[in-house]
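Note that my numbering gives residue 60 to position 50 of the sequence shown, counting from 1, and the numbers run on in steps of one.
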Amino acid sequence: MTREAKKTQKETIKVPVLGAVSCGIPKYAEENIEEYVRLPVALFGRGQFFILRASGDSMIGVGINDGDLVLIRQQDSACEGQIVIALMDDEATLKRYYPEPEKDRIRLHPENEKLEDIFVKDCIIQGVAVRVIKDLI
Numbered sequence: 011m012t013r014e015a016k017k018t019q020k021e022t023i024k025v026p027v028l029g030a031v032s033c034g035i036p037k038y039a040e041e042n043i044e045e046y047v048r049l050p051v052a053l054f055g056r057g058q059f060f061i062l063r064a065s066g067d068s069m070i071g072v073g074i075n076d077g078d079l080v081l082i083r084q085q086d087s088a089c090e091g092q093i094v095i096a097l098m099d100d101e102a103t104l105k106r107y108y109p110e111p112e113k114d115r116i117r118l119h120p121e122n123e124k125l126e127d128i129f130v131k132d133c134i135i136q137g138v139a140v141r142v143i144k145d146l147i
């Protein structure tokens, strides 16, 4: 193994775990750092990330269950269909993002057929979900 490969293998990024985000009805955004974890760059890439603990069942259709850790790439924009952390009036939620400019609104779609879409005039994108870290038990 080359020196660069060994260095890449050992490189990590420090990522804060910020608590829970609603995967159901939006709830108040709490940004209390619970702890920091180190993630290998070789596995997760570079960038500004944070981790949120999923709360609720609105994203079970894409394998995000209550209690799972969701790695979020911090950014203020998203492409249609991406799973985002959306902030609306001090409430954050994890949903699939669909802008509908022709209707002057944004549709936040839960991945659970029992739940309905959330329609908002505006929201602030805090980041895009890139990975789910979960227990297999």
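All C-beta atoms in this analysis are idealised placements derived from N, C-alpha and C, irrespective of residue type, glycine included. Note that the structure is predicted; figures quoted are calculated from it, not measured.
Listed as beta-bridge partners of Ser65 by DSSP are Ser32.
Between the beta-carbon of Leu28 and that of Phe60 there is about 5 Å, and that keeps the pair under the 8 Å contact cut. Taking C-beta atoms under 8 Å as the contact rule, Val31 and Ala102 qualify, at a distance of about 5 Å.
A Cβ-Cβ separation of about 11 Å leaves Arg117 out of contact with Lys131 under the 8 Å criterion. In the structure shown, Leu53 adopts helical secondary structure according to DSSP, grouped into three states.
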